[in-house]
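Here my numbering is used: the first residue of the sequence shown is 1, the next is one more, and so on.
Here the structure is laid out as structure tokens; the discussion comes afterwards.
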Amino acid sequence: MASMDDLLREFVGETLDMMEAVAADLVAWEASPADRCNIDGIFRTIHTVKGSSSFFELPRITAAAHAAEELLEALRSRRAAPDQSSVSAILHGFDHLRELTR
1 MASMDDLLRE
11 FVGETLDMME
21 AVAADLVAWE
31 ASPADRCNID
41 GIFRTIHTVK
51 GSSSFFELPR
61 ITAAAHAAEE
71 LLEALRSRRA
81 APDQSSVSAI
91 LHGFDHLREL
101 TR
């Protein structure tokens, strides 16, 4: 049976892997902010990070992921327009999440 430390190490590894995998979506989205497919992929990754970090009671990661998720949801539902400001906020959010996860 895996210990909590083992599960936490697995969470860190998987989170960093997911964030690396979504990097291409971030670059593509930065080039074309109106592309819905990229926003959806980025949202799914953030949603997964938020849920997993909540399970492990990691409030700083959960809060950062939640903030990014809220902005992405506003973009997905078209309550906010995808522009350079929103792209920059999401890119900054991903950098912050990577720092918190390491």
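Even for Gly, the Cβ is constructed at its ideal location relative to N, Cα and C.
Here the structure is a predicted model, which is why all the values come from computation and not from measurement.
Taking the alpha-carbon of residue i as reference, which of the options has the nearest alpha-carbon?
| i | options | result |
| --- | --- | --- |
| proline 190 | Leu7, Pro82 and Leu97 | The structure shown does not extend to residue 190, since the chain is modelled only from 1 through 102, so no value can be given for it. |
| isoleucine 46 | Leu26, Glu57, Ala34 and Pro33 | Leu26 |
| alanine 80 | His92, Val49, Pro33 and Thr48 | Pro33 |
| histidine 92 | Ser77, Glu10, Leu75 and Ala65 | Ala65 |
| arginine 102 | Met4, Arg9, Met1 and Ser3 | Arg9 |
| glutamine 84 | Leu100, Ala31 and Met4 | Ala31 |
| phenylalanine 11 | Arg78, Ser86, Ser52 and Val87 | Ser52 |
| arginine 78 | Asp40, Asp6 and Ser3 | Asp40 |
Can the beta-carbon of residue i be found closer than 9 Å to that of residue j?
| i | j | result |
| --- | --- | --- |
| asparagine 38 | alanine 28 | yes |
| methionine 18 | threonine 62 | no |
What does a CB cutoff of less than 8 Å around residue i pick up in its chain, not counting 5 residues either side in sequence?
| i | result |
| --- | --- |
| isoleucine 90 | Leu26, Trp29, Ile42, Ala68, Leu71 and Leu72 |
| aspartate 95 | none |
In chain order, what residues of the same chain lie with their CB nearer than 6 Å to the CB of residue i, ignoring the 5 residues before and after it?
| i | result |
| --- | --- |
| proline 82 | Pro33, Ala34 and Leu75 |
Could you name the residues of the same chain whose beta carbon sits closer than 7 Å to that of residue i, not counting the 5 residues immediately before and after it, in chain order?
| i | result |
| --- | --- |
| leucine 100 | Arg60, Ile61 and Ala64 |
ask   = Taking only runs of the beta strand (DSSP E) that begin and end inside the segment 49 to 73, which ones reach a length of at least 3 residues, in chain order?
value = none
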